[in-house]
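Scroll down for the structure; my scribbles are underneath it.
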Amino acid sequence: MPRRVGIVGVPPLAVIETINRAGDVIVDLDEPQVRAPIDQTAARIPRAYCAILRTVALNCLHLQLDQVYIDVGPGKCDCALHVAEVIADMLPVPVIRTRNQDTRAFGHPLCTSHLPLMEKFRRITKGVQSAAPHPPMETCRPSCGFWGVPPRDFSLLALFPDTTHVFGWTRCMENKTPADLELERHFDPALPTVFFSQSFCAKSVLAKHLAAKHPRAIAVDCDVTAGSSTRAKIEAFLELSGITPGRGGAG
Amino acid sequence: MLLADFGTSYCKILDTRRDSTPRIVATRELDRSFRADLATGHNAARRSLRSINELTALARGGLQLVDRPDFVLLDCGSRDIKFVRIHNGTVADMGWNAECGASMGFTIELLATYYRLDYAAIPAPATGFSITCGVLGMSHIFDAVVAGVSETEAVARFVRGIALNAHRFAHEPDELYLSGGLCANPLFVASFPCRVHPLGRFVLLEGLRATLRQGAENPARQKEGKPDID
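These protein sequence lines map, in sequence, to chains A and B.
Following this note's numbering, the numbering of the first sequence begins with 1 at its first residue and continues without gaps.
Following this note's numbering, the numbering of the second sequence begins with 1001 at its first residue and continues without gaps.
Written as structure tokens, this is what we have:
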């Protein structure tokens, strides 16, 4: 019977290959897997904390898992290192810390494709569960950029046109090199770009820093869900850049 | 063409064919069936044929009204604050705070009615409360009054605190242009720690007019989207 293996972040390729070979089921704990109030984690994780890692703890509270791999190296963050302590105490199953420093580049065709931005992110995050590269895709001519991690609230992505190219850690995810800072800090100065980070995330410094260097950029952050202020700011930025925002506007 | 800036407390409406100046209607008194041709603000998408984002309207309005290549424009509304920073004639930065900046204008108006105050007759106080929003700031007023401060002085400190917070939100410029109904509040305007140029409450309407003009000048490019950020 296949086991249910939780993953946090992007575990090393060798780990993913092992899970796949065993025919086990991967559950991405970074993504909301249960419908339950996130405040249920408040006894274990402060409310003013990365919403992705609070989601990890929420999933761990509700899901039946046989094992968890949590990446705590430079490809994830120190917060994950500390949250690993919390979930190791919460769960009666092995919680294995990994430090993904894979350097073999798989490319990032999804990041530059013409797919709707939300679909790009769905496929990229799903791709973490496979050791196979994404098939080649035609590159679209970009109208704007999204830099950052996959947001806790994917609805934010509906604001962007399909011609949005993806940069930052999400590109590293697709490339299967999550600790590649050189790739993470890459952006296109010719493209109006939204530098996104989760509130309370260490990467917010990099987002702000790179946005200041970029000639046409804004840095935004959001916590559990994207509020109207964040949506409106992105919408106005795109509109004022001459880009027709997507249908998921602030209204 | 009927243009509307749907504010939380007041709606600013301009019929470009009939009105020489906009009219102001309390939002709660606006007919539910009212529909504009082009609008911005609260529920604008539902109450108009076409709507644009408030930050977009603010930026376009500011670019029409301020004849300078570099400036900061801050809009203080009933329930939120927003700013745009223009550099070399294009938008360089912007912000919108509907959460921590909540209910600023609304609370200032509420307090004047409750304490029967005339803001034109109150000098700016030397200090202000350290507050981040109207709701949290109210408790400072009550605490100060209990401690023996006059109601007028306590409200004045509250208003100054609100102005300081809005100034910080706009990244503390040495000089700023102010938009919104609070331009008519002398105490609020005098409470900023910088030079203030009040532009009045029709800046967003001016942004709508600019949007109309852009569309009329080049409808094809308008449909595709003409950049205000270069």
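Idealized CB from N, CA, C, for every residue including glycine.
Minimum Cα-Cα distance from T193/A among the listed residues A84/A, F154/A, T164/A, S204/A corresponds to T164/A.
In the structure shown, Y49/A adopts coil according to DSSP, grouped into three states. At the C-beta level, T125/A and M173/A come within 9 Å of one another. No Cβ-Cβ contact shorter than 9 Å links F1129/B with F1106/B. According to DSSP, A1004/B shares a beta bridge with I1013/B, A1039/B. Closest option to I1081/B, judged by alpha-carbon separation, among D1067/B, G1089/B, N1165/B: N1165/B. When the five nearest sequence neighbours on each side are left out, the beta carbons in the same chain lying within less than 7 Å of the beta carbon of T225/A are those of D153, in order along the chain.
The Cβ atoms of P1198/B and A1184/B lie closer than 9 Å to each other. Rounded to whole angstroms, the gap between the alpha carbons of G1077/B and E1029/B is 18 Å. Below the 8 Å Cβ cutoff, chain B contributes no neighbours of K208/A, its closest Cβ being approximately 12 Å away.
The three-state reading of DSSP puts F200/A in coil, since its state is none of H, G, I, E or B. For I1131/B, no alpha helix (DSSP H) segment is defined, and its DSSP state is neither H nor E. Rounded to the nearest whole angstrom, the C-alpha separation of D1015/B and A1156/B is 37 Å.
About 12 Å separates the beta carbon of F237/A from that of H214/A, a gap too long to meet the 8 Å contact definition. The beta carbon of L240/A falls within 9 Å of a beta carbon belonging to chain B, placing the residue at that interface. Taken atom to atom, the span from the alpha-carbon of A207/A to that of V220/A is near 8 Å.
Following the DSSP letters along the chain, one finds R97/A inside the beta strand (DSSP E) bounded by residues 95-98.
For F1202/B and P1022/B, the gap between their C-alpha atoms comes out near 8 Å. For L1055/B, the neighbours in chain A by C-beta distance under 9 Å run, in chain order, A232, K233, E235, A236, F237, E239, L240.
Boundaries for A43/A: no beta strand (DSSP E) harbours it, and the DSSP string shows neither H nor E there.
Secondary structure note for F146/A: its beta strand (DSSP E) is the uninterrupted segment 144-148.
When the five nearest sequence neighbours on each side are left out, the beta carbons in the same chain lying within less than 7 Å of the beta carbon of I26/A are those of V5, I7, I19, Q129, in order along the chain. Against chain A, the CB of I1052/B has a partner CB under 9 Å away; the residue lies at that interface. For D1070/B, not one C-beta of chain A is nearer than 9 Å to its own C-beta. Where S228/A is concerned, the enclosing alpha helix (DSSP H) starts and stops at 228-240. The three-state secondary structure of T164/A, taken from DSSP, is strand. The contact set of I7/A on chain B, defined by CB atoms closer than 9 Å, is empty, because the minimum CB distance reaches about 33 Å. Contact between the stretch 1089-1096 of chain B and the stretch 1175-1189 of chain B is absent, with fewer than three C-beta pairs closer than 8 Å. By the criterion of a C-beta distance shorter than 7 Å, A131/A is surrounded in its chain by L13, I16, E17, N20, once the five residues flanking it on both sides are discounted. The beta carbon of V95/A lies closer than 7 Å to those of V68, I70, A84, I87, A88 in the same chain, with the five residues before and after it left out.
For F1071/B, there is no enclosing alpha helix (DSSP H); the residue is found in the beta strand (DSSP E) stretching over 1071-1076. In this structure, DSSP gives C222/A an extended state, which the three-state scheme calls strand. D1143/B and V1149/B have their C-alpha atoms spaced approximately 9 Å apart. In the three-state reduction of the DSSP assignment, P1186/B falls in the helix class, which pools H, G and I. Under the Cβ distance rule, V1066/B does not count among the residues neighbouring chain A, no pair being separated by less than 9 Å. In this structure, the alpha-carbon of A1163/B lies about 20 Å from that of Y1115/B.
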